[in-house]
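These notes concern the structure reproduced below.
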Amino acid sequence: MTGDISASQSSVTGDLDPFAGDVSVFFDPAHTLILLRGDIDLAVAADLEDAGRDAIDAKAPIVADVRSVNLIDSVGISFLVRLAASGKEAGTTVSLRGPAPRVAELLTLVGANDLFVWDESDVAG
Amino acid sequence: MPSVHEPSPMAHDLSVANRHVHDVRRLAAVQRSQLLDTPPDEPFDRLATLARDLLEAKVALVTVVDSRRSYWKARIGVDQLPGERPEHLVHVSFSQYVLDARGPVLVNDTRTDPRTRTNPSVAEMQICSWAGYPVFSPDGQVLGSLSVMDEKPREWTERDRLVLDTLARAASTEVGLRMAMADSQRAAQRARRVADRSAHMALVLQRSMLTQPSVPAYVDVAVRYQPAAELTQVGGDWYDAFTEPDGSTVVVIGDVCGHDIEAAALMGQLRSLVRGSCYDRADSPAQVLRHVDRAIRGLEIDVIATVMIARINPEPDADGARTLRWSSAGHPPGMVLAADGTSILLDAPPELLLGIDPGAERFDHETRLAAGDTLLLYTDGLVERPDRTIVEGLGELADVLSTVGAASPEDVCSAVLAASVDPDARDDVALVAVRNRG
């Protein structure tokens, strides 16, 4: 399912800059999916803030799909860490859909990887 | 029953058409459309060609009318004579009737129709029949018309009307798209200017806070702050080094998440908080970090940051070595560089960055800073690049350090920056190097 979404959207944004950051949120009764693609940095800071707030408000378990992240800087990392902390406070689980070695490396470096459950299964959902 | 009053065409022009022609909102829309005095362009030419071909007419025009003239944005079927301007004065144009009606105008025979019979263009262009449909701006102003004309009188059919209506709407849509595009380009330009200004202010703010360190005589120190190639990425990195009343040296490196003026301002707050929490207290680096993390929460400072604090004991051992005690809140590991070029990583299981959980576990670590050893603390811009992992970045940093082991802290900083920072660096870099003189 997520594969189809990114394929259909890349035709819109992908033509300009294949690494342009993009943040999309998909609401489903079972879970809220935050799809992060391209460069997750200051350019998408406002989108991240909106996505995080909406996802927490939706009160469903949150899955952040980071498989298509090209590059993530401190703006992106702090978003994920805040999301995990807010989720914990709100009683909402926050998991990351990988694999995404760069994201995992940075989260580990800042001592925050323990805040997340990683889902690296191939099952779409 | 009111009496039927048929004004003369001239009086008609002045009283009604001119009022529409000169309507300020309409003229503003014409100006915003940026279509006047622009060269022919394919979309409008295509619509005019289609109009002419589908209606088998002689001429098709797309016009834009300002206060004085009807400019031919597209003209199909009429040749432009050398030196001739592609326009008519409003009062001899046909578009004036569309402006007047704010809707379609169809004239079966221009020579007899009261609206057109005195218009000199009828004879000049040999126009016997004419049909014009309005081209609208997005805010509903009539900009001009899409029209077709013929050399012989004709009855405009239902199909003719449908075709012209559709093509005129397409022309209006085209105008709307262009205006929206131009608007968004202007907005982007404005945003860029604002961003540039704000980035510049962030840099000034950043620099004003990064003061020269004051350290005891038993250490040499060098500091660097290098902004990112892209100015908009400034903000949030800091170094600090100062002397405690007991003579120990405190070295701090930190990085507030985010790259903007807000991050620079938060950095200033956090830097002060760390200084105040360290100074003249017996607390260990880990205790200081715990205290700062609690203060961030309690004082509701909206910040997430990685920070490393190191404290160098003033009392050397017999060999001139000093004890270095440090604790790191999610910060990239520091390095200790020996005079022979070997370097060790101040590596420990990573602990959580500040601003998330004031109850996070924090530990102190100790290492020996031999005489001539240099402690190097840096922010992630030094080792983090899109094209390599951090482990690779740390490896490259160690390679550079191996060539400058005995150099002064100043030279170590210069060498490290020269080798590690790529020219289009996305991230800023703060660096502090402190050498134990023994």
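Taken in sequence, the protein lines are chains A and B.
All letters in the first sequence, in the order written, are residues 91 to 215 by our numbering.
All letters in the second sequence, in the order written, are residues 73 to 510 by our numbering.
Note that beta-carbon positions come from the ideal geometry of N, C-alpha and C, so glycine has one too.
Here the structure is a predicted model, which means the values were calculated and not measured.
Which residues of chain A have a Cβ atom closer than 8 Å to the Cβ of residue i, listed in chain order?
i	result
G402 (chain B)	L199, V200, G201, A202
G330 (chain B)	L132, A135, S164, V165, S168
I462 (chain B)	E195, L196, L199
Indicate, with yes or no, if the ligand MG has a heavy atom lying under 7 Å from the CB of residue i.
i	result
E482 (chain B)	Ligands in the displayed structure: none, and consequently the ligand MG is not present.
For residue i, count neighbouring C-beta atoms within 10 Å of its own C-beta (all shown protein chains included) and say buried if the count is 16 or more, exposed if not.
i	result
K145 (chain B)	buried
I109 (chain A)	Note that residue 109 (chain A) is Phe in the sequence shown, not Ile. Exposed: under 16 other Cβ atoms inside 10 Å.
T135 (chain B)	buried
D105 (chain A)	Confidence at D105 (chain A) is low in this model, with a pLDDT of 47, below 50, so the placement of that residue should be treated as unreliable; the coordinate-derived value is given next. The residue in question, D105 (chain A), is exposed, as its Cβ has fewer than 16 Cβ neighbours within 10 Å.
Y450 (chain B)	buried
Y297 (chain B)	buried
D94 (chain A)	The predicted model places D94 (chain A) with a pLDDT of 38, which falls under 50 and marks its position as unreliable; any figure quoted below should be read in that light. Classification for D94 (chain A): exposed.
M407 (chain B)	buried
H94 (chain B)	exposed
L426 (chain B)	buried
T182 (chain B)	buried
L448 (chain B)	buried
Q103 (chain B)	exposed
G175 (chain B)	exposed
V137 (chain B)	buried
T414 (chain B)	exposed
T446 (chain B)	buried
Specify the secondary structure class of residue i as computed by DSSP and reduced to three states.
i	result
D500 (chain B)	coil
F169 (chain A)	helix
Q168 (chain B)	helix
H363 (chain B)	helix
A150 (chain A)	coil
D452 (chain B)	helix
V323 (chain B)	strand
F314 (chain B)	strand
N508 (chain B)	strand
E246 (chain B)	helix
S114 (chain A)	strand
A92 (chain B)	It should be pointed out that residue 92 (chain B) corresponds to His in this sequence rather than to Ala. Helix.
E159 (chain B)	strand
D129 (chain A)	strand
A194 (chain A)	helix
V150 (chain B)	coil
N180 (chain B)	coil
D295 (chain B)	It should be pointed out that residue 295 (chain B) corresponds to Val in this sequence rather than to Asp. Strand at V295 (chain B).
A120 (chain A)	coil
A132 (chain B)	strand
S486 (chain B)	helix
D209 (chain A)	strand
S286 (chain B)	coil
S474 (chain B)	helix
S349 (chain B)	helix
D355 (chain B)	coil
S185 (chain A)	strand
V155 (chain A)	The question names Val, but residue 155 (chain A) is Asp in the sequence shown. If DSSP states are grouped into helix, strand and coil, D155 (chain A) belongs with the strands.
D204 (chain A)	helix
S270 (chain B)	helix
D163 (chain A)	coil
D232 (chain B)	helix
D255 (chain B)	helix
What does residue i reach in chain B if we use C-beta pairs closer than 8 Å?
i	result
V171 (chain A)	I376, L425, I428
A175 (chain A)	I428, D429
Report the neighbours of residue i on chain B: residues whose CB is nearer than 7 Å to its CB, in chain order.
i	result
L161 (chain A)	P458
Anything in chain A within Cβ reach of residue i, meaning under 7 Å, just list it in chain order.
i	result
P299 (chain B)	Correct list: empty, because the minimum Cβ distance to chain A is about 14 Å.
P422 (chain B)	T198, L199, V200, G201
D499 (chain B)	D163
What does residue i touch in chain B if you count any residue whose Cβ is under 9 Å from its own?
i	result
A220 (chain A)	In this structure chain A extends from 91 to 215, so residue 220 (chain A) is not present and cannot be described.
Just the chain A side, please: which residues come within less than 9 Å of residue i by C-beta, in chain order?
i	result
D327 (chain B)	S164
Q: Mind the definition here: the stretch 381-393 of chain B touches the stretch 344-357 of chain B only if three or more C-beta pairs lie below 8 Å; say whether that holds.
A: Enough Cβ pairs lie closer than 8 Å, so yes.
Q. Curious, which full-length alpha helix (DSSP H) runs of at least 4 residues does the stretch 188-224 of chain B contain?
A. DSSP runs (the alpha helix (DSSP H)) wholly in the stretch 188-224 of chain B: 192-196.
Q) Which parts of the stretch 365-410 of chain B are runs of the beta strand (DSSP E), unbroken and 3 residues or longer, counting only runs that do not cross its ends? A) 377-384, 394-401, 407-409
Q. Do the stretch 387-396 of chain B and the stretch 419-433 of chain B meet, that is, are 3 or more Cβ pairs less than 8 Å apart?
A. No, the stretch 387-396 of chain B is not in contact with the stretch 419-433 of chain B.
**Q.** Stretch-stretch touch, CB-based, cutoff 8 Å, three pairs: the stretch 469-483 of chain B with the stretch 332-346 of chain B
**A.** With fewer than three CB-CB distances shorter than 8 Å, the stretch 469-483 of chain B does not count as touching the stretch 332-346 of chain B.
Q. If you pair each beta-carbon of the stretch 106-113 of chain B with each one of the stretch 219-239 of chain B, do three or more pairs fall below 8 Å?
A. no
Q. Per the contact definition of three or more C-beta pairs closer than 8 Å, is the stretch 467-477 of chain B in contact with the stretch 502-509 of chain B?
A. no
Q: Output the residue ranges of the beta strand (DSSP E) runs that lie fully inside the stretch 410-467 of chain B and measure 3 residues or longer, sorted by chain position.
A: Listed in chain order, the complete beta strand (DSSP E) runs (minimum 3 residues) inside the stretch 410-467 of chain B are 415-417, 437-441, 446-450.
Q) So does the stretch 359-367 of chain B actually touch the stretch 282-293 of chain B, counting three or more Cβ pairs closer than 8 Å? A) no
Q) Between the stretch 155-171 of chain A and the stretch 122-139 of chain A, do three or more beta carbon pairs fall short of 8 Å? A) The answer is yes - the stretch 122-139 of chain A touches the stretch 155-171 of chain A, with three or more Cβ pairs under 8 Å.
Q. Do the stretch 238-254 of chain B and the stretch 203-217 of chain B make contact, defined as three or more Cβ pairs closer than 8 Å?
A. A contact exists between the stretch 238-254 of chain B and the stretch 203-217 of chain B.
Q) For the 8 Å Cβ check, are there 3 or more pairs between the stretch 183-198 of chain B and the stretch 208-218 of chain B? A) No, because fewer than three Cβ pairs between the stretch 183-198 of chain B and the stretch 208-218 of chain B fall closer than 8 Å, the two stretches do not touch.
(Q) So, does the stretch 250-262 of chain B touch the stretch 316-324 of chain B, judging by three or more C-beta pairs under 8 Å? (A) With a cut-off of 8 Å on Cβ pairs, the stretch 250-262 of chain B is not in contact with the stretch 316-324 of chain B, counting fewer than three such pairs.
Q) Does the pairing of the stretch 154-164 of chain A with the stretch 117-135 of chain A give three or more beta-carbon distances under 8 Å? A) yes
(Q) Check whether the stretch 176-185 of chain A and the stretch 138-158 of chain A are in contact - that is, three or more C-beta pairs closer than 8 Å. (A) Touching, yes.
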